[in-house]
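In this note's numbering, the protein residues as written are 44 to 139.
Beta carbons are placed, not taken as given, at the ideal position from N, Cα and C, and that holds for glycine.
If you're wondering where the values come from, they're calculated on a predicted model, not measured in any experiment.
One structure is given below, encoded as structure tokens.
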């Protein structure tokens with residue numbers, strides 16, 4: 044099927060606090076650290092996460108450093124990533 048390994052609940056709990064994940068699912072980003080935590084939770088580098096979201100690495104870095112905030116469709120994609128991290132990773136595999 045796919046070469047992406049299954050992530051367990053233990054993996055998720057180590058990668059991101061449950062309270063942060065719940066906020067991100069609701070689209071409540073409090074700082075650039077939230078975007079960094081989400082990217083690490085999904086398990087991707089900046090380049091791969093940006094590619095999966097269809098944005099530039101520059102845009103992602105601006106979000107992560109708190110210079111800009113995701114809005115509209117970009118925020119919706121981040122909410123999906125928080126709820127379904129494997130889907131984001133699989134998107135990269137199917138696009139390759």
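Which one of the options has the shortest CA to CA distance from residue i?
i, options, result
"residue 116", "98, 109, 104, 130", "98"
"residue 109", "64, 74, 60", "74"
"residue 61", "137, 133, 126", "126"
Mind checking residue i: buried by the 16 CB within 10 Å criterion, or exposed?
i, result
"residue 76", "exposed"
"residue 78", "buried"
"residue 106", "buried"
"residue 82", "buried"
"residue 46", "Only weak support is given to the placement of residue 46: the predicted model assigns it a pLDDT of 45, under 50, and the question is left unresolved by the model."
"residue 44", "In this prediction, residue 44 has a pLDDT of 40, which is less than 50 and means its spatial position is unreliable; nothing more can be read from the coordinates."
If you drop the 5 nearest sequence neighbours on each side, which residues of the same chain put their C-beta closer than 8 Å to that of residue i?
i, result
"residue 135", "87, 91, 94, 95"
"residue 122", "67, 68, 69, 70"
So, for residue i: in the same chain, excluding its five sequence neighbours on each side, which residues have a beta-carbon less than 7 Å away from its beta-carbon?
i, result
"residue 131", "85, 95, 124"
"residue 104", "89"
"residue 63", "77, 80"
Among the residues of its own chain, which have a CB less than 6 Å from the CB of residue i, if the five just before and after it don't count?
i, result
"residue 59", "80, 84"
"residue 100", "89, 90, 93"
How many whole angstroms separate the CB atoms of residue i and residue j, which I take to be in contact at a CB cut-off of 8 Å?
i, j, result
"residue 113", "residue 72", "7 Å"
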